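Residue numbers (the numbering used here): 1208 to 1719.
All C-beta atoms in this analysis are idealised placements derived from N, C-alpha and C, irrespective of residue type, glycine included.
If you're wondering where the values come from, they're calculated on a predicted model, not measured in any experiment.
One structure is given here, and the rest of the page talks about it.
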Ligand code: GAP
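Rendered as structure tokens:
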């Protein structure tokens, strides 16, 4: 546990030190759960967004993208159910005066039990060595089965009670489990109350006549209200999808764990409109499609798992999370929801406008069902960044800090390094930069010894270093060094571009 926490602290400090993420308004001591993306962070974030956009929009001829406004007509949020039901169950500790999400307290309790399972597995692995079969152990070991049963029973009861709005039972569960305030250790809890997460704002200069608006808590509604516009102008036929990426805002009460849970964050969402009755088939297809997309990044298959929802949101008839093994354990990375016709029907009722699809084959109209895929860009950033960060022990007994970002996502692709700051090497290196920068994000670095510069680029996540030396002046060859293997090769200057392009080819990565 302490090891995990230490590592997570390292992730946060590395993100700052190498210009990935800063606390928002840091000079004023920061704003809680709001972060700024720095010079490298903005590039990594943009590359992740592009990787998603290409896979969703460019590769699917039946998916198109939009960019709807953050501010929407206030009726949108009444229709979507957010005004009435976008709540978190909050509980206060009477002694510490601290406020918590009741469901998070219970989930954290379960996480502790899960850690016991992990410990049992690690112990057994050590005992049995090579012959250890993890899957079999988990499904047969009595102690592990007991822990898992306990987790399932707790989460199932919580899910049912939340679904039935039985907040008294959720409180009872907290008391029965003996859950204490993580800070003070006190078990003196208030009753649980619902708290709406939307940020309000006003449109108009005059207080008295201004319209109350909300900052959107999800990007999805911008897609639903544009359904008919896109369908008609794009002459889209069911099944088809609309994708968008953009900011969303939630007044999160338990905002912690760095960029995992923020108050201002970015979502990448796709709503896939299908014929009623086909929804479960598409739900399964999108589950598979999305987990494969995640796995294509090469962070490790064991890092992902599905978690089907016990408590379904007010709009869903099936829902699952793709969970990722973050430095603080498995947590939701992406949601896949079968949203039925809830949203389009609700917007139809509230707007009085038809949101239907006319099927020429049957000469009839219907309100399509929707399968949604929704991933948090910041959360994905954290998943990728934290998995990439390694303190690697080297064969010679030394170690290096390396950020093994998937090369297709790395902010800087190539660092061009003149071996010395003289003899025309900087000039030649600059020429190479000027040539490559049209196609790649390239950096130039001439400060410090070459070994230190390699280490700096390793820690920065740059997949390729190219060193220009005296031989380059004679035969136009350079040394290319690969970040992950640290292998070095002599190649001609004209080969740099094709080597890098091949390594960061979208086709290669997505078909991984
Ligand atoms: N349109 C459906 C929807 O918004 P959600 O499960 O509430 O569903 C989808 O959010 C994804 O957005 C989550 O899986 C997560 O990755 C991301 N997300 C949600 N709240 C977030 C927050 N406060 N900070 C960062 N990411 C968040």
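The closest CA to that of residue 1624, considering only 1600, 1604, 1663, is found on 1663. Following the DSSP letters along the chain, one finds residue 1598 inside the beta strand (DSSP E) bounded by residues 1596-1600.
In the structure shown, residue 1543 adopts extended strand secondary structure according to DSSP, grouped into three states.
The bridge partners DSSP lists for residue 1478 are 1449, 1579. Annotation for residue 1635: the continuous alpha helix (DSSP H) segment containing it runs 1632-1643. Out of 1341, 1384, 1373, the CA that lies nearest to the CA of residue 1316 is found in 1384. Judged by DSSP in its simplified three-state form, residue 1569 adopts coil rather than helix or strand. Looking at the backbone, the Cα of residue 1711 and that of residue 1455 are separated by about 30 Å. Less than 9 Å divides the Cβ of residue 1564 from the Cβ of residue 1445. In chain order, 1228 place their CB closer than 6 Å to the CB of residue 1222, counting only its own chain and leaving out the 5 sequence neighbours on each side.
The continuous stretches of alpha helix (DSSP H) do not include residue 1280, and DSSP gives it neither H nor E. Nearest neighbour of residue 1626 by Cα position, chosen from 1659, 1313, 1309, turns out to be 1659.
Spatial neighbours of residue 1607 in its own chain (CB-CB distance under 7 Å, excluding positions within 5 residues in sequence) are listed in chain order as 1599, 1601, 1662, 1665.
In the displayed model, residue 1220 falls within a helix according to three-state DSSP. A Cβ-Cβ distance of about 6 Å is found for the pair residue 1472 and residue 1583, placing them in contact under the 8 Å criterion. CA-CA distance, residue 1589 to residue 1558, rounds to 39 Å. Remark: fewer than three beta-carbon pairs, one from each stretch, lie closer than 8 Å, so the stretch 1645-1656 and the stretch 1532-1539 are not flagged as touching.
Residue nearest to residue 1344 within the set 1543, 1528, 1358, 1329 is 1329 (criterion: CA-CA distance).
The residues 1616, in chain order, have a CB closer than 6 Å to that of residue 1254 in the same chain once the five nearest residues on each side in sequence are set aside. Secondary structure note for residue 1440: its alpha helix (DSSP H) is the uninterrupted segment 1434-1440.
Looking at the backbone, the Cα of residue 1551 and that of residue 1448 are separated by about 14 Å. Ranking 1622, 1441, 1633 by CA distance to the CA of residue 1704 puts 1622 first. Where residue 1684 is concerned, the enclosing beta strand (DSSP E) starts and stops at 1684-1689. Going by C-alpha positions, residue 1527 is about 13 Å away from residue 1496.
Selection 1611, 1568, 1519, 1717 evaluated against residue 1293 yields 1519 as nearest (Cα-Cα). Classified as buried, residue 1307 has 16 or more neighbouring CB atoms from the shown chains inside 10 Å of its CB. Assigned with DSSP and collapsed to three states, residue 1585 falls in helix. Note on the stretch 1219-1273: whole alpha helix (DSSP H) runs with a minimum of 4 residues are 1246-1260, in chain order. Straight through space, the alpha carbons of residue 1517 and residue 1366 are spaced by roughly 5 Å. Judged by the Cβ position, residue 1540 qualifies as a neighbour of the ligand GAP at the 8 Å threshold, a heavy atom of the ligand being closer than this.
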